[in-house]
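*Asks:*
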Amino acid sequence: MKVPQLKKKSDIKSCHNISWDDNYSWVHQSDILDVLKDSSKLNPEVRKYLEDENAYTEEFFKDTKEIQKKIFHEVKGRIKLNDESLPVKDKNYDYWSKTTSKGNYTIRLRKKIGTDKVEEFWNGDKEKEKLKTEYFGVGDLEVSYNDKILGYSLDIKGSEYYTIYLRNINNDNLISEKIHDTSGSITFSLDDKYIFYSKLDENHRPRKIFRHKIGTSVSKDELIFEEKTEAFTVSMYLSSDEKYYFISSSDHNTSEQYYFDANEENPKPKLIIKREKGIIYSINSWNKIFYNHTNKNAEDFKIDKCENLNEQKWETYIAPKNEVLIGDLVFLKDWILRSEQSNALNKIFVKDVKNNKEEEIKFENEKVISPGLSLMQRDRDTNLIYLSYSSPKTQSRTYLYNLKNKDRKLIKEQEIPSGHNPDNYIVERLECVAHDGKKIPITLTRNKKTKIDGSSNLLLYGYGSYGHSISPNFSSSRFSLIDRDIIWVTAHVRGGMERGMKWWKDGKLLNKKNTFKDYISVAKFLIEKKYTSEKKIIGMGGSAGGLLMGAVVNEEPNLFLGMIMAVPFVDSLTTNLDHSLPLTIGEFDEFGNAKDNKDHFDYIYSYSPYHNIKKMDYPNILITTSLSDNRVLFDEPTKFTAKLREFKTDKNLLFLKTEMNAGHGGKSGRDGAIEELAFDYTFILKISEKLI
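In short: position in the sequence shown from 1, add 14, done, that's the working numbering.
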C-alpha cells in the first residue's frame, strides 16, 4: 500500500527576527475548538489524510490480528470482570461500585444501613446506550447530602466539554435543565438546594463558578466567583469538617484561595492569602483549626495551622524536609494521617490526636511499593481505615487497619483470574548519574528468567513534566511484555517531583532539557549494566511524555529500536506561540512564553521535536492521537508524522493511528482501552521479533 503523503503548503512563520517555513501548518484550523465539539467541521483534506494513515496502519498490521486478539485476551484475562469495590459508609447508606463481564462501564450501588435492599443508581453501559454515542466519558458522579439526587457529568466526544445532569434517584427523572460546557465537577450545597459548577470559557478554560438552584432555569444561575487572569483556572471543594467551601484559582506554579461559610445564604467568597508568584497553597479546616499546605519558605512543602483566617497567626504544624515532599492531611476524630514522598517512594504517617505522637505505618514485605489509604466512612468517628499497597510485581492488597491497636486484616486482594505469582518477578530500584552529577531513580521490573547479558529488549517509560511523579504501582497488563522477556523500566526523570520540588524545577522552563538528558542517561546506564543493548530499547511516553520521546529520538535515535508516542506534545513551539489554545497560557511557568520572551523562544525552538527533525535514520515509531483531544491537538502528531516521513532516511516503520471518536485518554470503556493497549504491545513485539 502506498505510504500516505501530506501536501506541503509553504507558510513562512517568524518570531523574534527568526523565520522558518512551516509546510504543514495548514492542518491547524482557526476554529479548532469547534472541530473538537463537532468533527464534521474538520477540513475534508485533513480528514482524508488521517483516514489514509489509519488505512495504511491497518493494512500493515492485518497479519497481526491473531496476536492482537491473543494479547487482548491475556490482558482481559488478568482482570476480574465481575468485581465489586469495598463499601464506603455515607450517613444512611453504604455505597460501592461493581463491574460485570458483559459491561464496559461502572455500576454504582448502595444499600440503606440496616436493610438488605440493594439499589442500583447508576449503570454506565445503560447510560451510554441511551445516548447512542460511541465515546462515553464520566466527569463526576455525586449524590446529594439528603441521598435523593444524583448529579453526574458526561463528555460524549472526548473533548472534555462536560454536560451536567441532575436526576431524582427514586424515579430516574431529570429535575433540572442540562448544564452544558462545564469542566465536569459538581459540588452540592449542604441543604441540597443548589449545586456549584465551573463553566468553560471560549478557550476551554474554567474561570467562573456558578451556583445553580436545583429545579430552576440555568439562565438564572448566579455567578459566585470569576477569575480575571486568563492563565488561572478555578476549582472548588468542601472542607473536611464541612463548615466551609474553598475556591482555588491557580496555574501550575501559583495559587490563590477564597472561602465562604457552608451555610452562607448569599455566598461572598473572601480572599485568604493574596497570590504570590511561585507560591502554592491549599487550605482545609478541621475541629476549629485551619491547616495550610504550602511551599512558602518550604520548597518541598510544609503544613501550617491557625485558628482564625481573619488574623492568620500561622504556626508550623509539619515542618519542611529537604527533598521530602510533604503531602496533605486526612482527618479522623482521634487521628490525623498524612503522606511523604522521597526518592519516588511514598510513606504514610498517623498521629494520635490525644497524645500528639506520630509514627509511620510500615509495610514489611517489599521495599519498592505504592501505598495508599482511603476512609471507610464519611463519619470521621472511627479507628478504622482502608490501607492498601501494591508494587510493580505484587497486585493491590487492601487491609482493614485499626489505628488504635494496629491490627490489620486483609479484606480484598486484586484477583488475577489467569494467575499471577509475584515470586516469578524481580523488582529493582536503581540509580544512575546524570550529565550534571544528579542521581536519577529508576524502577525496573523483569521476569526472573530474563537474561541480563545485553540480549534483552527493554521498554523505557518516561514522563517528566508538571511535577507529576510516577508511582511504582502494579499494572497487570505489563506482564504481556515482561513474560516475553521485555524488561519494563520507569525513568523517574526531572520534571516530576519524585525528589521534591527542586526535581520539578530542574526539569522545566530553561531547565527542560534536563528531562531529556536524564532519560538518555538512564538508557545508556541500562546498556552499560547489560540490561539491554543499543537498538533494543523501546521508548514510551504520552502527552508531555511524548514531548520527551520526540526530543530524545531527535537527539539519540541510535539508542532505540522503536518509540511509542501517545498523544504527543511534539509541535511544542507552535502551540506555545498560540495563546488562544486551552492550555498554552496556563503553562507559561512550565515551558515558558516564547511569544513574549526571546530566551524562552530560543530555548523551546532548540528542542521542539517538530522543528528539530533531521535528515537521518530514525527507529521504528508508532504515533497515536485522537481527533477530539483538546489538550494536545491532533494536528501536532499529524504534522510531526508528515515531516518525519519527508526527512527520515531509513526504511523503518512509521505509523500515525488516529482515534476518530476519542479524546486525550483514548477510547472510552474497558474493552476500548484494552484494544489500544493490545495494538501498542503488538507493535512492540513485532519490532522485537517476539510475535508469540
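C-beta: ideal position from N, C-alpha, C; glycine also.
Mapping the DSSP letters down to three states, classify residue 66 as helix, strand or coil.
*Replies:* Residue numbering aside, residue 66 sits at position 52 when the sequence shown is read from its first letter. Residue 66: helix per DSSP, three-state reduction.
*Asks:* Identify whether residue 104 lies in helix, strand or coil by the three-state DSSP scheme.
*Replies:* Residue 104 sits at position 90 when you count from the first residue of the sequence shown. DSSP places residue 104 in strand when its eight states are reduced to three.
*Asks:* With which residues is residue 355 paired in a DSSP beta bridge?
*Replies:* What you label residue 355 is simply residue 341 of the sequence shown in a count that begins at 1. Residue 355 is bridged to 339 and 360.
*Asks:* Looking at residue 172: is its Cβ nearer than 8 Å to the Cβ of residue 198?
*Replies:* Within the sequence shown, residue 172 is the residue found at index 158, counting from 1. Within the sequence shown, residue 198 is the residue found at index 184, counting from 1. Cβ distance not < 8 Å, so residue 172 and residue 198 don't count as in contact.
*Asks:* How would you label residue 271, buried or exposed, when you count the other beta carbons within 10 angstroms and need 16 or more for buried?
*Replies:* As a working mapping, residue 271 is identified with position 257 in the sequence shown. Looking at its Cβ environment, which holds 16 or more other Cβ atoms inside 10 Å, residue 271 is buried.
*Asks:* Provide the residue span of the beta strand (DSSP E) that contains residue 535, from first to last.
*Replies:* The residue you call residue 535 lines up with position 521 of the sequence shown. Taken as a continuous stretch (DSSP letters only), residue 535 belongs to no beta strand (DSSP E), being part of the alpha helix (DSSP H) at 527-542.
*Asks:* Per DSSP, which residues does residue 639 bridge with? Please list them.
*Replies:* By one-based count along the sequence shown, residue 639 stands at place 625. Its beta-bridge partners are 672.
*Asks:* CA-CA distance, residue 149 and residue 376?
*Replies:* Locating residue 149 in the sequence shown gives position 135, where the first residue counts as 1. Locating residue 376 in the sequence shown gives position 362, where the first residue counts as 1. Computed Cα separation, rounded: 42 Å.
*Asks:* Tell me which residue opens and which closes the alpha helix (DSSP H) that residue 143 is part of.
*Replies:* Against the sequence shown, residue 143 aligns to sequence position 129. Residue 143 -> alpha helix (DSSP H) spans 138-145.
*Asks:* Mind checking which residues open and close the beta strand (DSSP E) that includes residue 296?
*Replies:* Taking the first residue of the sequence shown as 1, we reach residue 296 at position 282. 295-300 is the extent of the beta strand (DSSP E) around residue 296.
*Asks:* Does the Cβ-Cβ distance between residue 313 and residue 514 come in under 8 Å?
*Replies:* Along the sequence shown, read from residue 1 onward, the residue named residue 313 stands at position 299. Along the sequence shown, read from residue 1 onward, the residue named residue 514 stands at position 500. Taking 8 Å as the Cβ cut-off, residue 313 and residue 514 qualify as a contacting pair.
*Asks:* Answer with buried or exposed for residue 707, where buried requires no fewer than 16 other C-beta atoms within 10 angstroms of its C-beta.
*Replies:* Residue 707 is absent from the model: the chain starts at 15 and stops at 706.
*Asks:* Between 521, 194 and 435, which has its C-alpha nearest residue 454's C-alpha?
*Replies:* Residue 454 sits at position 440 when you count from the first residue of the sequence shown. Selected option, being the one with the closest Cα: 521.
*Asks:* Quickly, what does DSSP pair residue 165 with across the bridge? List them, please.
*Replies:* Taking the sequence shown and counting its residues from 1, one reaches residue 165 at position 151. Note: residue 165 sits in a beta bridge opposite 156 and 180.
*Asks:* Are the CB atoms of residue 93 and residue 490 within a distance shorter than 8 Å?
*Replies:* Indexing the sequence shown from 1 puts residue 490 at position 476. Indexing the sequence shown from 1 puts residue 93 at position 79. Their beta carbons are under 8 Å apart, which means residue 490 touches residue 93 by this criterion.
*Asks:* Measure the Cβ-Cβ separation of residue 646 and residue 557 and say whether it is below 8 Å.
*Replies:* Within the sequence shown, residue 646 is the residue found at index 632, counting from 1. Within the sequence shown, residue 557 is the residue found at index 543, counting from 1. Cβ distance < 8 Å, so residue 646 and residue 557 count as in contact.
*Asks:* Mind pulling the beta strand (DSSP E) runs of 3 or more residues that sit fully within the segment 612-669?
*Replies:* Segments of the beta strand (DSSP E) lying fully in the segment 612-669: 634-640.
*Asks:* List the residues that DSSP assigns as beta-bridge partners of residue 132.
*Replies:* For the purposes of this step, residue 132 is taken as the residue at position 118 of the sequence shown. Looking at the DSSP assignment, residue 132 forms a beta bridge with 125.
*Asks:* If you draw a straight line from the alpha carbon of residue 300 to that of residue 159, how long is it in whole angstroms?
*Replies:* The residue labelled residue 300 in the question sits at position 286 within the sequence shown. The residue labelled residue 159 in the question sits at position 145 within the sequence shown. Straight-line Cα distance between these residues: approximately 19 Å.
*Asks:* So, with DSSP's three-state summary, where would you put residue 584?
*Replies:* The residue labelled residue 584 in the question sits at position 570 within the sequence shown. Correct three-state label for residue 584: coil.
*Asks:* Expressed to the nearest angstrom, what Euclidean distance is found between the alpha-carbon atoms of residue 70 and residue 669?
*Replies:* Counting from 1 along the sequence shown, the entry for residue 70 is found at position 56. Counting from 1 along the sequence shown, the entry for residue 669 is found at position 655. If you take the alpha carbons of residue 70 and residue 669, they lie about 8 Å apart.
*Asks:* Considering only residues of the segment 267-338, which uninterrupted beta strand (DSSP E) runs meet the minimum length of 3 residues and lie entirely inside it, listed in chain order?
*Replies:* Counting only runs of 3 or more, we get 269-275, 284-287, 295-300, 303-308, 316-320 and 329-332.
*Asks:* Are the Cβ atoms of residue 188 and residue 163 separated by less than 8 Å?
*Replies:* Taking the sequence shown and counting its residues from 1, the one referred to as residue 188 is at position 174. Taking the sequence shown and counting its residues from 1, the one referred to as residue 163 is at position 149. In this structure, residue 163 does not lie closer than 8 Å to residue 188 by Cβ.
*Asks:* Quick check: the segment 590-603 against the segment 260-275, are at least 3 beta-carbon pairs closer than 8 Å?
*Replies:* A contact exists between the segment 260-275 and the segment 590-603.
*Asks:* Can you tell me the Cα-Cα spacing of residue 279 and residue 242, whole angstroms?
*Replies:* Here residue 279 refers to the residue found at position 265 of the sequence shown. Here residue 242 refers to the residue found at position 228 of the sequence shown. Whole-angstrom Cα-Cα distance: 25 Å.
*Asks:* From residue 96 to residue 114, what distance separates their C-alpha atoms?
*Replies:* Along the sequence shown, one-based indexing puts residue 96 at 82. Along the sequence shown, one-based indexing puts residue 114 at 100. Roughly 4 Å between the two C-alpha positions.
*Asks:* Apart from the five residues on each side of it in sequence, which residues of its chain come closer than 6 Å, Cβ to Cβ, to residue 502?
*Replies:* One-based indexing of the sequence shown puts residue 502 at position 488. The answer, listed in chain order, is 459, 473, 492 and 496.
*Asks:* What does the Cβ neighbour count give for residue 355, buried or exposed, with the cut at 16 atoms within 10 Å?
*Replies:* For the purposes of this step, residue 355 is identified with residue 341 of the sequence shown, where counting begins at 1. Buried, because 16 or more other Cβ atoms sit within 10 Å of the Cβ of residue 355.
*Asks:* Measure the alpha-carbon distance for residue 480 versus residue 132 and round it to whole angstroms.
*Replies:* One-based indexing of the sequence shown puts residue 480 at position 466. One-based indexing of the sequence shown puts residue 132 at position 118. If I take the Cα positions, the gap works out to 42 Å.
*Asks:* Measure the alpha-carbon distance for residue 616 versus residue 60 and round it to whole angstroms.
*Replies:* Working through the sequence shown from its first residue, we reach residue 616 at position 602. Working through the sequence shown from its first residue, we reach residue 60 at position 46. Using only the alpha carbons, I get a separation of about 30 Å.
*Asks:* Just how far apart, CA to CA, sit residue 524 and residue 634?
*Replies:* The residue labelled residue 524 in the question sits at position 510 within the sequence shown. The residue labelled residue 634 in the question sits at position 620 within the sequence shown. For residue 524 and residue 634, the distance between alpha carbons rounds to 30 Å.
*Asks:* Answer yes or no: do residue 276 and residue 258 have a C-beta to C-beta separation smaller than 8 Å?
*Replies:* In the sequence shown, residue 276 corresponds to position 262, counting from 1. In the sequence shown, residue 258 corresponds to position 244, counting from 1. Yes. Within cutoff.
*Asks:* As a quick exercise: from 468, 507 and 195, pick the residue whose alpha carbon is nearest that of residue 482.
*Replies:* Counted from its first residue, the sequence shown places residue 482 at position 468. Comparing Cα positions, the closest option is 507.
*Asks:* Once you ignore the five residues that flank residue 412 on each side, which residues in its own chain have a CB closer than 8 Å to its CB?
*Replies:* The residue you call residue 412 lines up with position 398 of the sequence shown. The answer, listed in chain order, is 100, 400, 401, 402, 424, 425, 426 and 427.
*Asks:* When you compare each of 155, 126, 436 and 461 to residue 138 by their alpha carbons, which one comes out closest?
*Replies:* The count along the sequence shown starts at 1 and reaches residue 138 at position 124. The shortest Cα separation from residue 138 among 155, 126, 436 and 461 belongs to 155.
*Asks:* Restricting to Cα atoms, I'd like to know which of 341, 203 and 500 is closest to residue 470.
*Replies:* Residue 470 sits at position 456 when you count from the first residue of the sequence shown. Checked all of 341, 203 and 500; the closest Cα to residue 470 is 500.
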